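Written out below as structure tokens is the structure these notes cover.
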Amino acid sequence: MSLFNELKRRNVFRVGIAYVVVAWLTAQVVDLVLENFGAPAWFMRSLLVVLAAGLPLAMVFAWAFEMTPEGLKKEKDVDRSQSVTHVTGRKLDRMIIGIMAVVIAFLVLDRFVLRDESGNTVPNTETQTAEAEEPADPANDTGPSVAVLPFINMSGDTDNEYFSDGLTETLLHMLAQLPELRVAARTSSFAFKGKGTSIEEISTILGVAHVLEGSVQKAGNRVRITAQLIRADDGFHVWSQNYDRTLEDIFAIQDEIATDVANALDTSLLGGGNDIHNVDTTNLSAFDAYLKALEKQAIYSFSSLPQAQSLLKEALAADPEFVDAKLALARNYQMMAWTGIIGEQVSQQQALPLIQQVLEKDPANYFARALKLYNELGINDEFKPEERASKYRELRDLLPLIPNSTTLRETVANFLSFNQGRHQEATEVLEAGLLVDPLAANLHDSIGKTLTRAGLYDKAMVSLQRALILQPGNPNFYFNIADLKAEQGDLNAVLQWQRKAVEVDPQDHELTGELAQDFFNLGLLEEGNHWAAKSIALAPESAVGRKVRLQQAYASGDMDNALQMAQSMIRDQISIRQGSFGAALNIHNEIMSKSGREREAYDYLLSIRPELADFTTFPGDYKGLQMQRRVLLLMPAFKSAEETGQAWLDYASTMDRAFPRWREFSTNQVLNELMLGRTDEAERLAIDIHLSRPVSADLRAVEKLQESVFGVITQRPELMARMSEVQLEKARLRDGVSEMMQKPEWQQ
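Counted the way this note's numbering counts, the sequence shown spans residues -17 to 730.
Shown next, in the form of structure tokens:
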């Protein structure tokens, strides 16, 4: 008898078919049960492996054994004349037919009952929330989502790393253009580079249902790219493709990958006029320089940003119409301003022409429109109240169209929180960004700062520490924790966190300058001089360097030198960075007020900015705003109460339109009552509000009340007593800091 006939006689084929059908049905039922119990994906994969391994075992068993009326026997022990395999075969046929009927019933149930009309599993409404506070669970996500992981550089040359990273970033931005597709942002996707994290874990952290990964091998004029789209919950390869072409085909390859991935995720993504646009160049030299620039820009450091600037200019020299390079260069100028490499006005002047060139050809370019708004809002430029609020609203409306731009999102949130006191709304704007960029350290940091302003210190600390874990090399995060500790009254912790920031970036003169300022405000001259020397050595003529030298002279009692430096800084209209300009104004007014020279100080300020005498007109910049307030504070010493009161009413009316929250600041509340002649209320506010904060939150709270304008209330017994209490608390804190200075970590 042939082998085939023998296999048929022993029912091996029937057993194999029956096993496959039963195994399939078992897998479907178990998968449905596990989905409702939230079992991990590895359990289902393990079951499939076991079921697959059981098939050959079942067929071997069917070959070697026979079920007889006496029970299970080895096939060799059964007399062929007594064999009942034909009877067993008919039983297997009936069993297979019965199981197939169950399978068909299950398919009908799954198609028409368990799924909605769009083919998606009906969600459990009890687990849905109106507002997601953490990255969405891909299992509950109703729309397609994907993370584009950094493509692996297989070229054997680390110098080609920029190419694989740049290809990844280009694909990410191409897919992000589809409004119905949620794409994890670059910061979060690249956080897994080189870490070997499992697809399942990445999916859970980023809240995506699919992951696109691949590799790039570049050699000469050839490029080999492998890409694969993986379904995260079970590891199934939804789509994969290999490309082995010349480098000139790189743009076509990118188009094909993005289009194929979109179609594999959901064929409707490319419908309704939704197109995917590649980078706006076909020039290989320009594209290569652009990719190298993106690598440098992502580092975001004092040394890397100028390198990115040079590379982007190289790209534009090769292709002057390269839109992506123009916008990247405009953004680079803005990033250079934030890091202090160039001034704010220089940044704005350099970025604006690039942005305008793009908008002239494509007025609907979302990113260009957002960059233009950001450029107009500026850091230290025009401050036109009504226009400013309008521009922020417009920028906020653009955020859903550019979901990966965390810097712009932070700008909007900061305006809502700091300028308007809408802390909850600001937090919601930032949390929306975490849905596509859950590992963006700066978003967590901004949430922490917003919650600190709202007085929610415990929640703020959680967000600030999360930012620090994600990006421990960012010194600003340490300083933001220090600010929180200041509001909690822990001065030693404030200084410890500031020192840690300096350890992270000892070359940043602004960090050492802040430490010097705190020590000077405490009256610890030796410690202040130590940190001042470090700051001044790094950048003696910077705005912060000049501020530190001014504070050093003032704290040392060298008032003549301090006054000269303050007037020089005001005359030069130095930057407002880190409160440099405000410090010059404060020290100038304090020195002049203590010597009874308020009129001289008043005349000096107006000689620099004569227009500030008109209190009905809001100044066009932050410096004018600060100067006008100081001008007004000098007036009670030599102007009539009527004239001063009217000037204050004009000023207050203008401020109400420009910056509605200005009255919330404690000194402004006290001043408002003083200027209107309500001295009893002014004293109460000085005691209950201005001097009620922890001393560490404002080390100069008492000194701020020593200008002559406050003289009418500072001699009152109750306020004098409270000021003495604050100074005693400050002395106690100073002693604690002096003791801390003896610890080894401070003896460096």
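Note that CB positions come from ideal geometry on N, CA and C, so glycine has one too. The model shown is predicted, which means the values in this text are computed figures rather than measured ones.
Buried versus exposed, by CB contacts within 10 Å (16 or more), residue i
i, result
"residue 342", "exposed"
"residue 244", "buried"
"residue 306", "buried"
"residue 647", "exposed"
"residue 151", "buried"
"residue 718", "exposed"
"residue 720", "exposed"
"residue 331", "exposed"
"residue 375", "exposed"
"residue 42", "exposed"
"residue 83", "exposed"
"residue 203", "exposed"
"residue 491", "buried"
"residue 622", "exposed"
"residue 17", "Bear in mind that a pLDDT of 48 at residue 17, under 50, signals an unreliable position, so the model cannot answer this."
"residue 234", "exposed"
Residue i vs residue j beta-carbon contact at 8 Å
i, j, result
"residue 691", "residue 618", "yes"
"residue 287", "residue 271", "no"
"residue 213", "residue 191", "yes"
"residue 701", "residue 669", "yes"
"residue 523", "residue 689", "no"
"residue 420", "residue 134", "no"
"residue 563", "residue 556", "yes"
"residue 274", "residue 460", "no"
"residue 543", "residue 537", "no"
"residue 370", "residue 359", "yes"
"residue 132", "residue 163", "no"
Span separating the alpha-carbon of residue i from that of residue j
i, j, result
"residue 396", "residue 423", "16 Å"
"residue 2", "residue 37", "7 Å"
"residue 4", "residue 28", "17 Å"
"residue 455", "residue 281", "11 Å"
"residue -5", "residue 209", "39 Å"
"residue 743", "residue 173", "Outside the shown range of the chain (-17 to 730) lies residue 743, about which nothing can therefore be said."
"residue 443", "residue 430", "6 Å"
"residue 263", "residue 446", "40 Å"
"residue 639", "residue 377", "21 Å"
"residue 449", "residue 373", "29 Å"
"residue 663", "residue 643", "20 Å"
"residue 463", "residue 166", "28 Å"
"residue 627", "residue 347", "50 Å"
"residue 230", "residue 240", "17 Å"
"residue 723", "residue 427", "29 Å"
"residue 726", "residue 482", "14 Å"
"residue 314", "residue 279", "7 Å"
"residue 312", "residue 178", "35 Å"
"residue 149", "residue 415", "23 Å"
"residue 715", "residue 195", "55 Å"
"residue 479", "residue 452", "17 Å"
"residue 694", "residue 577", "17 Å"
"residue 385", "residue 409", "16 Å"
"residue 206", "residue 227", "7 Å"
Closest Cα partner of residue i within the set the options
i, options, result
"residue 170", "198, 130 and 158", "130"
"residue 335", "11, 357 and 326", "357"
"residue 353", "325, 613 and 383", "383"
"residue 506", "624, 533, 634 and 31", "533"
"residue 612", "566, 228 and 624", "566"
"residue 435", "416, 466 and 415", "466"
"residue 527", "549, 553, 40 and 560", "560"
"residue 184", "157, 579 and 217", "217"
"residue 157", "433, 242, 229 and 215", "242"
"residue 138", "199, 299, 610 and 148", "199"
"residue 418", "404, 388, 438 and 513", "388"
"residue 291", "478, 458, 324 and 77", "324"
"residue 403", "641, 385, 207 and 197", "641"
"residue 674", "159, 687, 695 and 704", "704"
"residue 620", "579, 601 and 610", "579"
"residue 6", "81, 39, 77 and 40", "81"
Closer than 7 Å: residue i CB and nearest the ligand FAD heavy atom
i, result
"residue 376", "This structure does not include the ligand FAD; it has no bound ligands of any sort."
Cβ of residue i within 8 Å of any chain B Cβ
i, result
"residue 549", "The structure shown contains no chain B; it is built from a single protein chain."
**Request:** Take every Cβ of the segment 591 to 611, pair it with every Cβ of the segment 701 to 716, and state whether three or more of those distances are shorter than 8 Å.
**Result:** no
**Prompt:** Any chance the segment 621 to 635 sits against the segment 644 to 659, with 3 or more Cβ pairs inside 8 Å?
**Reply:** yes
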